[in-house]
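Asker: So the protein sequences, as listed, match chains L and P. Under full-length UniProt numbering, think of the first position of the first sequence as 1, with each following residue one higher. Under full-length UniProt numbering, think of the first position of the second sequence as 1, with each following residue one higher. Virtual Cβ for every residue (Gly too), placed ideally from N, Cα, C.
2 protein chains.
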Amino acid sequence: MAGVSVSSVSRVINNSKPVNDHIKEKVEKVIRETNFRPNAVARGLISKSTNLIGVILPQINYISAELINGIEGVANKNGYNIILSNTRLNPDLELNALQLFKDKQVDGIILSSIDMSERHIQLIQDNKIPVVVVGQKTTDYAIPWVDVDNYRPITEIVRYLMRCGHEKIGMIHGPLIDKSAGDSRYRGFIEEMERKNLSVNPKFVGESNFSSKDGYLAMEKILKCEDIPTAVVCASDTIAIGAKNCAEDLGYRIPEDISIVGFDDIELATLVRPKLTTVQVCFETMGSKAMETLLQSIEFKPVNIENYLDYRLIIRDSVKVVADDLGTKI
Amino acid sequence: MAGVSVSSVSRVINNSKPVNDHIKEKVEKVIRETNFRPNAVARGLISKSTNLIGVILPQINYISAELINGIEGVANKNGYNIILSNTRLNPDLELNALQLFKDKQVDGIILSSIDMSERHIQLIQDNKIPVVVVGQKTTDYAIPWVDVDNYRPITEIVRYLMRCGHEKIGMIHGPLIDKSAGDSRYRGFIEEMERKNLSVNPKFVGESNFSSKDGYLAMEKILKCEDIPTAVVCASDTIAIGAKNCAEDLGYRIPEDISIVGFDDIELATLVRPKLTTVQVCFETMGSKAMETLLQSIEFKPVNIENYLDYRLIIRDSVKVVADDLGTKI
DNA sequence: ATGAAAGCGCTAACAC
DNA sequence: GTGTTAGCGCTTTCAT
Chain L
1 MAGVSVSSVS RVINNSKPVN DHIKEKVEKV IRETNFRPNA VARGLISKST NLIGVILPQI
61 NYISAELING IEGVANKNGY NIILSNTRLN PDLELNALQL FKDKQVDGII LSSIDMSERH
121 IQLIQDNKIP VVVVGQKTTD YAIPWVDVDN YRPITEIVRY LMRCGHEKIG MIHGPLIDKS
181 AGDSRYRGFI EEMERKNLSV NPKFVGESNF SSKDGYLAME KILKCEDIPT AVVCASDTIA
241 IGAKNCAEDL GYRIPEDISI VGFDDIELAT LVRPKLTTVQ VCFETMGSKA METLLQSIEF
301 KPVNIENYLD YRLIIRDSVK VVADDLGTKI
Chain P
1 MAGVSVSSVS RVINNSKPVN DHIKEKVEKV IRETNFRPNA VARGLISKST NLIGVILPQI
61 NYISAELING IEGVANKNGY NIILSNTRLN PDLELNALQL FKDKQVDGII LSSIDMSERH
121 IQLIQDNKIP VVVVGQKTTD YAIPWVDVDN YRPITEIVRY LMRCGHEKIG MIHGPLIDKS
181 AGDSRYRGFI EEMERKNLSV NPKFVGESNF SSKDGYLAME KILKCEDIPT AVVCASDTIA
241 IGAKNCAEDL GYRIPEDISI VGFDDIELAT LVRPKLTTVQ VCFETMGSKA METLLQSIEF
301 KPVNIENYLD YRLIIRDSVK VVADDLGTKI
């Protein structure tokens, strides 16, 4: 306070009402001199808005990093900051984080859940704070989500592999409780194989937790059989790279002896030799799209519940063309 | 309010003062029924504490991801949440973020700066909010930092390379404005070479921005000369992998024709073939150490200004033993 | 156009 | 032990 009333100061800072020039100058001068900055917490108490977006992630890796990049980019552009919670693959911690963020009065939440339970839905619908889910589909509950189609790309991969002359095709999938990247990709494979009248040898199928190490182990098991597949589709690039390393360590050449295809197109996919044939999914876009959707929801604009991300089959060097019509176009 | 006074409720919630059992029960019952949760913002207004830690990062990649993991882990264990700011390699945005976090009344800040300027120091010392810096050294200003020694490991690499029989050694370093990972690693190389009376051919030295792509380009330039080095040390694994791919694309074999060593030991280093010889630095530990230091600072406990991280030379398969005494111990 | 005053949801000092 | 009250730093009526 330097000469005028608090309300005038507030008006100057927020430009909320006209203020006489000379009083305005006086206030601005004092603000400059004292280096005054309004207290965001007190503002939040009144406005009921903190300009904070809660981001709940099951783990923090390079994929999350891209996701965060996308989210942070549009959040930042709109005056929001993001606050992070790592749930370490524990669904209970997701619930906690949801509650915590509500207490902290965030303006919106982006949730990357490993498995949307009834309790998740309950909690989200009880709180009136906007939520958008990424990497899972929640169409039944009118909660907006952003995700790739996990089913179709895999069917395209199968067809591409067939066109390259492969018939003995295996798969290393992710955890099946994960409905999106786990189950859907797996079903895409099984069902497309069925549709094409290709039998899938159960020994050619392995499960992993999406890590390279697990991919290595799963591949090891597959290659132990006397009969081995000519191609194996992996539910992620990380799995694929583990599988590739295993095959190479066992003396197989990629793609001459075994073809491998990944999913996600992480940077690694182009860094590894042979470069990985994979499905491109842009996680940064996933993040920005989620944040844009959340913004609409916060501003009470109409939002799409279902938001599919683009994807693209990227043909590189890890699939051998055995006998085909064409190899680079599908 | 259901029968009792607000203060009793507050006391029950915070256990701040003894409360009669029957009144306590009553309050707890209502809390349960109405699903009441105290408003964290209002609490923050009084307590001057938000349980928020501001984390300022120049970019969000897999290294940041590990760092965040470390920070989030100990923050979470101590009841703090982290709020993120991505400064996209722009020093001005670092200043902004510092200011913003102060406005938001965070309890502490972890700053990964690309270049600590006078204005940074100024701003940090003006605000009385605790800051710890990661990945840079600020010993002159009594601001605590956590960082690896970037100089010594490189000297060890040079000596290791010499012991393996290499003399024509090159380097692809990072941006020199980055005093830590950029300049220190570069000086470590130059000065150790000097000490060992090995001349360094300027044509064997390249600069990059730590990306694989830049590493590729820098290596390309080096390999264009008629005379090429037998080993090149890279300021990061990402650079090393780019360099390796370039050499291989040009028909050189690693490590038979050219040896390469990296720095950081990111996951990629073991996923790539040949596996990368590199310096192990645990960024997750860097994060947790930074957060622990910050915690001490917040609680007014004495803190160490200088916090060096452990490192370890990891001998893998990307260095050829030309003529040596011993190859795996250094 | 400006100031006084109420109040956001909570905690803590004070009185009973 | 419990309730009443002031006040955290701000915005926003409501008078003037």
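(1) Report the option in L/T285, L/I63 and L/D21 whose CA atom is closest to the CA atom of L/D310.
(2) Is the separation between the beta-carbon of L/R205 and that of L/H173 shorter than 9 Å?
(3) With a threshold of 16 other CB atoms inside 10 Å of the CB of P/H166, please say whether the residue is buried or exposed.
(4) Using only the alpha-carbon positions, how far apart do L/G327 and P/Y160 sit?
(5) Output the boundary residues of the beta strand (DSSP E) element that contains P/E306.
(6) Residues of chain P with a CB under 8 Å from the CB of L/S180: which are they?
(7) Can you find a C-beta in chain P that's less than 9 Å from the C-beta of L/Y311?
(8) What residues from chain P crowd round L/D103, counting only those whose CB sits closer than 8 Å?
(9) Under 8 Å, with one C-beta from each stretch per pair, do the region 81-90 of chain L and the region 32-45 of chain L reach the 3-pair mark?
(10) In its own chain, which residues sit with a C-beta less than 6 Å from the C-beta of L/K329, not counting the 5 before and 5 after it?
(11) Residues of chain L with CB under 8 Å from P/I241, in chain order?
(12) Take every Cβ of the region 120-132 of chain P, pair it with every Cβ of the region 288-296 of chain P, and state whether three or more of those distances are shorter than 8 Å.
(13) Per DSSP, L/M171 is paired with what?
(14) Count the other C-beta atoms from every protein chain shown that fall within 10 angstroms of the C-beta of P/D265, then say buried if there are 16 or more, exposed otherwise.
(15) Check for me: the beta strand (DSSP E) holding P/S85 runs from which residue to which?
(16) Taking the Cβ atom as the reference point for each residue, do P/V279 and P/I169 lie within a distance shorter than 9 Å?
(17) So is L/V55 buried or exposed if we call it buried at 16+ other beta carbons inside 10 Å?
(18) So if I threshold CB-CB distances at 7 Å, which residues from the region 59-75 of chain L count as touching chain P?
(19) Using a C-beta to C-beta distance shorter than 9 Å, which residues of chain L count as neighbours of P/S212?
(20) With a threshold of 8 Å on Cβ separation, who are the neighbours of L/V106 within its own chain once the five nearest residues in sequence on each side are excluded?
(21) Alpha carbons only, please: which of L/A323, L/I305, L/R163 and L/E94 is nearest the one belonging to L/L111?
(22) If you check the beta carbons only, do L/M116 and L/Q99 fall under 9 Å apart?
(23) Measuring only the C-alpha atoms, how far is P/S211 from L/I254?
(24) Taking 8 Å as the threshold, find out whether the region 8-22 of chain P comes into contact with the region 61-80 of chain P through three or more Cβ pairs.
(25) Closer than 8 Å, Cβ to any Cβ of chain L: which residues of the region 77-111 of chain P, in chain order?
(26) Taking all protein chains shown into account, do 16 or more other C-beta atoms lie within 10 angstroms of the C-beta of P/S208, making it buried, or fewer, making it exposed?
(27) With DSSP as the reference, identify every bridge partner of P/S259, one or two as the case may be.
(28) Select from the region 193-210 of chain P all residues with a C-beta closer than 9 Å to any C-beta belonging to chain L, and list them in chain order.
(29) What number of angstroms, rounded off, separates the C-alpha of P/V321 from the C-alpha of L/M219?
(30) Thinking just about the alpha-carbon of each residue, which of P/E156, P/V148 and P/H120 is nearest to the one in P/D140?
(31) Can you grab the Cα-Cα spacing for the pair P/L198 / L/L250, in whole Å?
(32) Does chain P have any CB closer than 9 Å to the CB of L/G44?
Answerer: In terms of the structure at hand:
(1) Working through the first sequence from its first residue, we reach residue 310 of chain L at position 310. Nearest of L/T285, L/I63 and L/D21 to L/D310, Cα basis: L/T285.
(2) For the purposes of this step, residue 205 of chain L is taken as the residue at position 205 of the first sequence. For the purposes of this step, residue 173 of chain L is taken as the residue at position 173 of the first sequence. It should be noted that the sequence gives Val, not Arg, for residue 205 of chain L. Cβ atoms of L/V205 and L/H173: closer than 9 Å.
(3) Here residue 166 of chain P refers to the residue found at position 166 of the second sequence. Classification of P/H166: buried, given that the 10 Å Cβ count is 16 or more.
(4) Taking the first residue of the first sequence as position 1, residue 327 of chain L is located at position 327. Taking the first residue of the second sequence as position 1, residue 160 of chain P is located at position 160. Caution applies to L/G327, whose pLDDT of 46 falls short of 50 and renders its modelled position unreliable; the model cannot decide the point.
(5) Along the second sequence, one-based indexing puts residue 306 of chain P at 306. Start and end: E306 to L309.
(6) Position 180 of the first sequence, counted from the start, is the residue given in the question as residue 180 of chain L. Correct list: empty, because the minimum Cβ distance to chain P is about 21 Å.
(7) Reading the first sequence from its first residue, position 311 is the one you call residue 311 of chain L. It does not: the Cβ of L/Y311 has no partner Cβ on chain P nearer than 9 Å.
(8) The residue given as residue 103 of chain L occupies position 103 in the first sequence. Within 8 Å Cβ-Cβ: R37, P38, N39 and A40.
(9) no
(10) Sequence index remark: in the first sequence, residue 329 of chain L carries index 329 (1-based). At L/K329, the pLDDT of 45 sits below 50, so the modelled position is not reliable; the number obtained from the coordinates is stated separately. If we look at L/K329 and ignore the five residues flanking it on each side, it has no Cβ neighbours.
(11) One-based indexing of the second sequence puts residue 241 of chain P at position 241. Residues of chain L passing the Cβ test: L271.
(12) yes
(13) Here the question's residue 171 of chain L lines up with position 171 in the first sequence. Looking at the DSSP assignment, L/M171 forms a beta bridge with L/V205 and L/V233.
(14) Mapped onto the second sequence, residue 265 of chain P falls at position 265. With 16 or more other Cβ atoms within 10 Å, it is buried.
(15) Position 85 of the second sequence, counted from the first residue, corresponds to residue 85 of chain P. Segment N81 to N86, the beta strand (DSSP E) holding P/S85.
(16) Reading the second sequence from its first residue, position 279 is the one you call residue 279 of chain P. Reading the second sequence from its first residue, position 169 is the one you call residue 169 of chain P. The answer is no: Cβ separation not under 9 Å.
(17) For the purposes of this step, residue 55 of chain L is taken as the residue at position 55 of the first sequence. Looking at its Cβ environment, which holds 16 or more other Cβ atoms inside 10 Å, L/V55 is buried.
(18) I60, N61, Y62, S64, A65, I68, N69 and E72
(19) Residue mapping note: residue 212 of chain P aligns to position 212 of the second sequence, counting from 1. Ordered by position in chain L, the residues that pass the 9 Å Cβ test against P/S212 are E267, T270 and L271.
(20) One-based indexing of the first sequence puts residue 106 of chain L at position 106. Taken in chain order, the residues that qualify are T50, L52, I53, G54, I83 and I129.
(21) Numbered from 1 along the first sequence, position 111 holds the residue referred to as residue 111 of chain L. Among L/A323, L/I305, L/R163 and L/E94, the Cα nearest to that of L/L111 is on L/E94.
(22) Locating residue 116 of chain L in the first sequence gives position 116, counting from the first residue. Locating residue 99 of chain L in the first sequence gives position 99, counting from the first residue. The answer is no: Cβ separation not under 9 Å.
(23) The count along the second sequence starts at 1 and reaches residue 211 of chain P at position 211. The count along the first sequence starts at 1 and reaches residue 254 of chain L at position 254. If you take the alpha carbons of P/S211 and L/I254, they lie about 26 Å apart.
(24) no
(25) N81, I82, I83, L84, S85, N86, Q99, L100, K102, D103, K104 and Q105
(26) Mapped onto the second sequence, residue 208 of chain P falls at position 208. Label assigned to P/S208: buried.
(27) Here residue 259 of chain P corresponds to residue number 259 of the second sequence, with the count starting at 1. In DSSP, P/S259 forms a bridge with P/A231.
(28) none
(29) The residue labelled residue 321 of chain P in the question sits at position 321 within the second sequence. The residue labelled residue 219 of chain L in the question sits at position 219 within the first sequence. Those two C-alpha atoms are separated by around 32 Å.
(30) Working through the second sequence from its first residue, we reach residue 140 of chain P at position 140. Cα-wise, what sits closest to P/D140 is P/H120.
(31) As a working mapping, residue 198 of chain P is identified with position 198 in the second sequence. As a working mapping, residue 250 of chain L is identified with position 250 in the first sequence. So the two alpha carbons sit approximately 41 Å from each other.
(32) Walking along the first sequence from the start, residue 44 of chain L turns up at place 44. At least one chain P Cβ lies under 9 Å of L/G44.
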